[in-house]
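Undergrad: For the sequence shown, the numbering used here assigns the number 889 to the last residue and increments by one with no breaks.
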Amino acid sequence: MVSKIKPQQNNNNNNNNNKKKQQKSKQTQKIKQKKEQEEILKFKNNTLGAFSVLEDQFILNEILSEFSCEELIKYQGISAGFYILCNDDRLWKDAFFKQIKDRKEQVKYIQNWKISAISFLYPNNFQYTSPYIQLSFPKFQSHEIYTRWLRRHMSVRNYGFDLGHVKHIDSNSLTVEEFIRDFETPNIPVIFKGAQDGTGCMNGEWTTEKLIEKYGDTIFKIAHQDNKRIQMTFRDYVQYMKTQNDEEPLYVFDQAFGEKAPSLLEQYKVPKYFPEDLFQYSGPEERPHFRWLVIGPERSGASWHIDPAGTSAWNSLISGKKRWLMYPPAFTPYTVDLEDFEEKIYGSPPSLLWLLEVYPYLPPDYRPIECIQEPGETIFVPGGWWHMVLNLEESIAVTQNFCDSQNFTQVCQDLSGTEHDRKDYDQFKQHLLREKPEFTEKFKEFEFKNNQFVHSFDDEKYWNPIVIKLLKYNKLIDQDIQESSLDIQMPTSGQSPVFIVDNKFVVKFYCSELSGGEKSWSNEIYVYLKIKENEILHSRFPKLLSSGKINQVLETPVNEDEWKWPYIVTEFLQDKLNLQDVQEVPEALPYPYNFPSPDDDENDDEDDDEEEDTLIAEEKLIEFLNQTVYQLHSIDIDQSNADSNQNIKDFYSSGSDKWLPWKKYLKEIEKKYIYNHWNWNGLPVHIRSQMESYLPNDIYQLIDTTLEPCFIHGDLTDENVLGIEKSTVILNKQPQPPTNKIKNSKKIQFQNKIKPSNTKTVNIWEPTHLIDLGDSQIGDRWYELVSLHISLFAGNKTRLRSFLENYKLKFIDGSSKSWLEYYNQNPESFIKRAMSYTLIHHCDAITTITRHYPNYRNAQNINELSKLIWEL
18 MVSKIKPQQN
28 NNNNNNNNKK
38 KQQKSKQTQK
48 IKQKKEQEEI
58 LKFKNNTLGA
68 FSVLEDQFIL
78 NEILSEFSCE
88 ELIKYQGISA
98 GFYILCNDDR
108 LWKDAFFKQI
118 KDRKEQVKYI
128 QNWKISAISF
138 LYPNNFQYTS
148 PYIQLSFPKF
158 QSHEIYTRWL
168 RRHMSVRNYG
178 FDLGHVKHID
188 SNSLTVEEFI
198 RDFETPNIPV
208 IFKGAQDGTG
218 CMNGEWTTEK
228 LIEKYGDTIF
238 KIAHQDNKRI
248 QMTFRDYVQY
258 MKTQNDEEPL
268 YVFDQAFGEK
278 APSLLEQYKV
288 PKYFPEDLFQ
298 YSGPEERPHF
308 RWLVIGPERS
318 GASWHIDPAG
328 TSAWNSLISG
338 KKRWLMYPPA
348 FTPYTVDLED
358 FEEKIYGSPP
368 SLLWLLEVYP
378 YLPPDYRPIE
388 CIQEPGETIF
398 VPGGWWHMVL
408 NLEESIAVTQ
418 NFCDSQNFTQ
428 VCQDLSGTEH
438 DRKDYDQFKQ
448 HLLREKPEFT
458 EKFKEFEFKN
468 NQFVHSFDDE
478 KYWNPIVIKL
488 LKYNKLIDQD
498 IQESSLDIQM
508 PTSGQSPVFI
518 VDNKFVVKFY
528 CSELSGGEKS
538 WSNEIYVYLK
548 IKENEILHSR
558 FPKLLSSGKI
568 NQVLETPVNE
578 DEWKWPYIVT
588 EFLQDKLNLQ
598 DVQEVPEALP
608 YPYNFPSPDD
618 DENDDEDDDE
628 EEDTLIAEEK
638 LIEFLNQTVY
648 QLHSIDIDQS
658 NADSNQNIKD
668 FYSSGSDKWL
678 PWKKYLKEIE
688 KKYIYNHWNW
698 NGLPVHIRSQ
708 MESYLPNDIY
718 QLIDTTLEPC
728 FIHGDLTDEN
738 VLGIEKSTVI
748 LNKQPQPPTN
758 KIKNSKKIQF
768 QNKIKPSNTK
778 TVNIWEPTHL
788 IDLGDSQIGD
798 RWYELVSLHI
808 SLFAGNKTRL
818 RSFLENYKLK
828 FIDGSSKSWL
838 EYYNQNPESF
848 IKRAMSYTLI
858 HHCDAITTIT
868 RHYPNYRNAQ
878 NINELSKLIW
888 EL
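1) What residues in its chain sit with their C-beta under 7 Å from that of W321, if we drop five residues either side in the sequence?
2) Could you check which residue in W309, T164, P325 and Y344 has the C-alpha nearest to that of L334?
3) Under 8 Å by Cβ, that's how I've got V183 and P206 pegged, so tell me the actual separation to the nearest angstrom.
4) Out of curiosity, what's the CA-to-CA distance linking W782 and N78?
5) Could you check how far apart the C-beta atoms of P314 and P392 are, in whole angstroms? I think they sit under 8 Å.
6) Verify whether the separation of the beta carbon atoms of R818 and F810 is less than 7 Å.
7) Between which two residues does the beta strand (DSSP E) carrying H160 extend?
8) Tell me, which residues are paired with Q417 by DSSP?
9) Using the C-alpha atoms, what's the distance from W799 back to N220?
10) Pull up the distance between the alpha-carbon of Q768 and that of I633, whole angstroms please.
11) What residue from L821, P844 and Q663 has the CA that sits closest to K834's CA?
12) Quick check: what's the CA-CA separation for S317 versus D253?
13) Alpha carbons only, please: which of R557, K581 and P559 is nearest the one belonging to N568?
14) Which whole-angstrom value is the C-beta distance of G796 and Y682, which I expect to be below 8 Å?
15) Check C860 in the structure and name its three-state DSSP category.
16) Buried or exposed for R198, going by 16 or more other Cβ atoms inside 10 Å?
17) When the distance is taken between beta carbons, is Y257 closer than 7 Å to Y145?
18) Measuring CB atoms only, is the region 151 to 161 touching the region 52 to 65, in the sense that at least three cross pairs come out at less than 8 Å?
19) In whole angstroms, give me the CA-to-CA distance for G812 and K536.
20) Report the partner residues of Q506 according to the DSSP bridge assignment.
21) Are V523 and T426 close, meaning C-beta to C-beta below 7 Å?
22) Evaluate S513 with the Cβ neighbour count: other Cβ atoms within 10 Å of its Cβ, from every protein chain shown; 16 or more gives buried, anything less gives exposed.
23) To which residues does DSSP link I396 through a beta bridge?
24) Using alpha carbons as the reference points, say which of P301, W331, T235 and P292 lies closest to D271.
25) Going by Cα to Cα distance, which pick from I162, K41 and T45 is closest to D73?
26) Grouping DSSP H, G and I as helix and E and B as strand, with all else coil, what is C528?
27) What's the call for F612, buried or exposed, on a 16-neighbour Cβ count within 10 Å?
28) Would you say P345 and W695 are within 7 Å of each other, going by their C-beta atoms?
29) Alpha carbon to alpha carbon, how far is L407 from G337? Give it in angstroms, no decimals.
30) Check whether the Cβ atoms of E264 and R174 sit closer than 7 Å, and answer yes or no.
31) In angstroms, rounded to a whole number, what distance separates the CA positions of Y854 and L719?
32) Please state whether DSSP places D99 in a helix, a strand or coil.
33) Taking just the CA atoms, how far does T778 sit from T631?
34) Please state whether the Cβ-Cβ distance between Q9 and Q123 is less than 7 Å.
35) Given that a residue counts as buried once 16 or more other Cβ atoms are within 10 Å of its Cβ, and exposed if not, what is P754?
36) Thinking Q648 and L554 are a contact (beta carbons under 8 Å), I'd like their distance in whole angstroms, please.
Rendered as structure tokens:
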């Protein structure tokens, strides 16, 4: 037995010895590494002195960046640490360009920016010999210097790929009319293939070799941050482009290339989609810059910006490859500073730095729209869109900005934005009308709408006297009451300005008929009058106290070409909380994006216990909405009101088609839904591209013609449902298991929150009123169901099922059944119609539901998403 065990003991001893050796080796290595780190730290402390307590990034960006070239030369001699920091190439580049900002001598690049600067500034005192090798100090380590070096030497040829966000379309297969309808009018970017086919620029005339041959001595405008006047011949620029290692390379961006090299204008063409440019009538002296030659190496590009004067742009890539990133006007890119928006200074970091240090940490609903532009392709960038460009390869392109009939209003809006711009607007108008008098009506329409907003709604001096006169005119307040004795609260949100006076009156004005103001006003008055006659509804809406138009109130009547400002006055409902106050919509996912951990859920439960959240009386909410919405949908459409209400007039003048008013509205929102989703960005891009194929070819097929049209509220959001809090004693609640919903949501079902234990007092919210009938119209109750489920029910299918079960549908054949029975009869058809209305809805329903349920964004296709939202 002993002899058999001995070999095993030897093996164990060997294993133990090996482990001891490995442990000793690791300890030795740790001691060595620690000693090396101590030496590195000691070396840095010795060479930087008191500066060693500062981050290298701070020293470079905040201290050394203020130095002149002479000071950089002087201070590099202090120590090894200062030598390394003062020899950073970006530091020299910025210092050099600052120093020569207004000088007209030509710049020549030699190996790096330090040598280039010294050669330029001290031509008689510096003799360059190649190769120039800087001193090396291996013990000095700097993460900032290292990452700068990495970015300067980084190849970006394969940095990014086309995600399919932007369509690439053959220009031979897309007509001008289709482009205007599908892209320019809805303000959506697109890429055309072959738009420059057959031109000289695509047939070898715009290679760097050919351009040097013809224009080598021409001085094109070279761009670098805020310095736009770097003097460099094209030959010298190409030499720089081929040899540089800049993190943010210089690039040619010349708006006068057509004057410097006229033959270039003959070698490209304006794509067929952009025949109109209204700025051309301003004349050569006053016409804004509109065309640019753009040439740059890889890593060059433009940081986040919006093109000037509200113009749109097209950009044709002749050679190379570009990565485009874009945000619609409603989004502001992270890191952009809007404080200097008027001056067009946005403070965003360079393209490559943004992509490396910001982009990876963005939450999925804040990622930009992306595409890759290949040689021969032309991209259309709509006016108002933020865009950033990174050249993935050495690239040559030509671009033009323009104003045409489609973006005319946007350009006017931008030109008339400030007092200085107003002069530009007046000049633009004068020149255009001289050549194109047919634009007279367009200018009138713009000015009619724009003049309403000359006085901001928070301008107390202008609006308060009008509100008081209006209340006195309608005998709602004493005639001798002074303005100082009234508390007038200014509007904070919404399309129409709303003023609350003394917590007694709500005064609501309606914006111009171009925004549907007159129609909205007449609809709201009509519905209020019908509510007054309804036993259930009259106690669930505020009372209408008066209505009219402002020209009846003002001592000086408004002119015919001015908006009459229709208004209503309703009672203010005191001591009410809206549903949003107790059922919060989760905020957009924070930056940087972090998924909650299980521990977060436990902590949230503890926080919720401490905060004493208000609970929602679920059954009463469903009962209130069921009764109120049903009664609202049952309001009769009275033909006697047709003369004063365009909606009713259309209803009765449409012959046998009573759906005509709703069909008109469907056509309006059909034009906008694609652009809306681009702007909202709540619908994942891979699903966004499936919308058109999901919706019926004929949008009228969404209408359920087995039902009669009815008056709908039109804006059933959680802000428009008011209620009261009541204290009540309930059994204490048990901690709930984690859910897949975003944390801090307060949509709790009262029945599931209790356990047989001790009692406590809590607040219960019960609904009492609906408000805001400004969007009411004759329409389809299915459209109303979207806002009910997404906003009021917060996507809670238990609530939805209960509502559908108690809502009785009356069909035109005289039969009736609950909406839930209708669902069970054909769930697929129900889901298809409901999801289609969700997609085209004027409210951002998808963003709301995906904030309540972030996992919905993981749906693979639109059918899967529709079931997640609507399948019971």
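All C-beta atoms, glycine included, are put in the ideal place defined by N, C-alpha and C.
TA: Reading off the structure:
1) The residue you call residue 321 lines up with position 304 of the sequence shown. Excluding sequence neighbours, W321 sits near P350, V353, Y363, S365, W403 and M405.
2) Locating residue 334 in the sequence shown gives position 317, where the first residue counts as 1. Out of W309, T164, P325 and Y344, W309 has the C-alpha closest to the C-alpha of L334.
3) Locating residue 183 in the sequence shown gives position 166, where the first residue counts as 1. Locating residue 206 in the sequence shown gives position 189, where the first residue counts as 1. Yes, V183 and P206 are in contact; Cβ-Cβ is about 5 Å, under 8 Å.
4) Looking up residue 782 in the sequence shown gives position 765. Looking up residue 78 in the sequence shown gives position 61. In this model, W782 and N78 are separated by some 54 Å (Cα to Cα).
5) Your numbering for residue 314 matches position 297 in the sequence shown. Your numbering for residue 392 matches position 375 in the sequence shown. Between P314 and P392 a beta carbon distance of about 16 Å is seen, past the 8 Å cut, so the two are scored as non-contacting.
6) Working through the sequence shown from its first residue, we reach residue 818 at position 801. Working through the sequence shown from its first residue, we reach residue 810 at position 793. Contact: no.
7) Start at 1 with the first residue of the sequence shown, and residue 160 comes out as number 143. First-last for H160: H160 to R169, but that is the alpha helix (DSSP H), not the beta strand (DSSP E).
8) Looking up residue 417 in the sequence shown gives position 400. According to the DSSP secondary-structure assignment, Q417 is paired through a beta bridge with R308 and W331.
9) Counting from 1 along the sequence shown, the entry for residue 220 is found at position 203. Counting from 1 along the sequence shown, the entry for residue 799 is found at position 782. Rounded to whole angstroms, the separation of the alpha carbons of W799 and N220 is 56 Å.
10) Indexing the sequence shown from 1 puts residue 768 at position 751. Indexing the sequence shown from 1 puts residue 633 at position 616. In this prediction, Q768 has a pLDDT of 43, which is less than 50 and means its spatial position is unreliable; what the coordinates show is noted afterwards. Straight-line Cα distance between these residues: approximately 10 Å.
11) For this step, residue 834 is matched to residue 817 along the sequence shown. Of the candidates L821, P844 and Q663, the one whose C-alpha sits nearest the C-alpha of K834 is L821.
12) Residue mapping note: residue 317 aligns to position 300 of the sequence shown, counting from 1. Residue mapping note: residue 253 aligns to position 236 of the sequence shown, counting from 1. Approximately 17 Å, taken between the alpha carbons.
13) Indexing the sequence shown from 1 puts residue 568 at position 551. In this structure, K581 is the residue among R557, K581 and P559 with its C-alpha nearest to the C-alpha of N568.
14) Translated into positions along the sequence shown, residue 796 becomes position 779. Translated into positions along the sequence shown, residue 682 becomes position 665. So it is a contact: roughly 7 Å between Cβ atoms.
15) The residue given as residue 860 occupies position 843 in the sequence shown. Coil.
16) Locating residue 198 in the sequence shown gives position 181, where the first residue counts as 1. Exposed: under 16 other Cβ atoms inside 10 Å.
17) Looking up residue 145 in the sequence shown gives position 128. Looking up residue 257 in the sequence shown gives position 240. Going by C-beta atoms, Y145 is not nearer than 7 Å to Y257.
18) Look at the beta carbons and you see the region 151 to 161 touching the region 52 to 65: at least three pairs across the two are nearer than 8 Å.
19) Mapped onto the sequence shown, residue 812 falls at position 795. Mapped onto the sequence shown, residue 536 falls at position 519. Cα-Cα distance, rounded: 31 Å.
20) Position 489 of the sequence shown, counted from the first residue, corresponds to residue 506. Q506 pairs with I517.
21) Your numbering for residue 523 matches position 506 in the sequence shown. Your numbering for residue 426 matches position 409 in the sequence shown. Their beta carbons are not under 7 Å apart, which means V523 does not touch T426 by this criterion.
22) One-based indexing of the sequence shown puts residue 513 at position 496. Buried: at least 16 other Cβ atoms inside 10 Å.
23) The count along the sequence shown starts at 1 and reaches residue 396 at position 379. Paired residues: I208 and N332.
24) The count along the sequence shown starts at 1 and reaches residue 271 at position 254. Among P301, W331, T235 and P292, the Cα nearest to that of D271 belongs to T235.
25) Start at 1 with the first residue of the sequence shown, and residue 73 comes out as number 56. Taking the Cα of D73 as reference, the smallest distance to any Cα among I162, K41 and T45 is reached at I162.
26) Counting from one through the sequence shown, the residue named residue 528 turns up at place 511. Three-state result, C528: coil.
27) Along the sequence shown, one-based indexing puts residue 612 at 595. For F612, the pLDDT reaches just 46, beneath the cut-off of 50, and the residue's location in the model is therefore unreliable, leaving the point undetermined.
28) Numbered from 1 along the sequence shown, position 328 holds the residue referred to as residue 345. Numbered from 1 along the sequence shown, position 678 holds the residue referred to as residue 695. Contact annotation: P345 and W695 have beta-carbon atoms nearer than 7 Å.
29) As a first step, residue 337 must be located in the sequence shown, where it is residue number 320. As a first step, residue 407 must be located in the sequence shown, where it is residue number 390. If you take the alpha carbons of G337 and L407, they lie about 11 Å apart.
30) In the sequence shown, residue 264 corresponds to position 247, counting from 1. In the sequence shown, residue 174 corresponds to position 157, counting from 1. Result no, Cβ atoms of E264 and R174 do not sit closer than 7 Å.
31) By one-based count along the sequence shown, residue 854 stands at place 837. By one-based count along the sequence shown, residue 719 stands at place 702. Roughly 8 Å separates the two Cα atoms.
32) As a first step, residue 99 must be located in the sequence shown, where it is residue number 82. It should be pointed out that residue 99 corresponds to Phe in this sequence rather than to Asp. Helix at F99.
33) Counted from its first residue, the sequence shown places residue 631 at position 614. Counted from its first residue, the sequence shown places residue 778 at position 761. When rounded, the distance between both Cα atoms is 11 Å.
34) No answer is possible for residue 9: the residues shown for the chain start at 18 and end at 889.
35) Sequence index remark: in the sequence shown, residue 754 carries index 737 (1-based). With a pLDDT of 49 at P754, under the threshold of 50, the modelled position of this residue cannot be trusted, and the question is left open.
36) The residue you call residue 648 lines up with position 631 of the sequence shown. The residue you call residue 554 lines up with position 537 of the sequence shown. Going by Cβ atoms, the distance from Q648 to L554 rounds to 5 Å, so yes, they are a contact pair.
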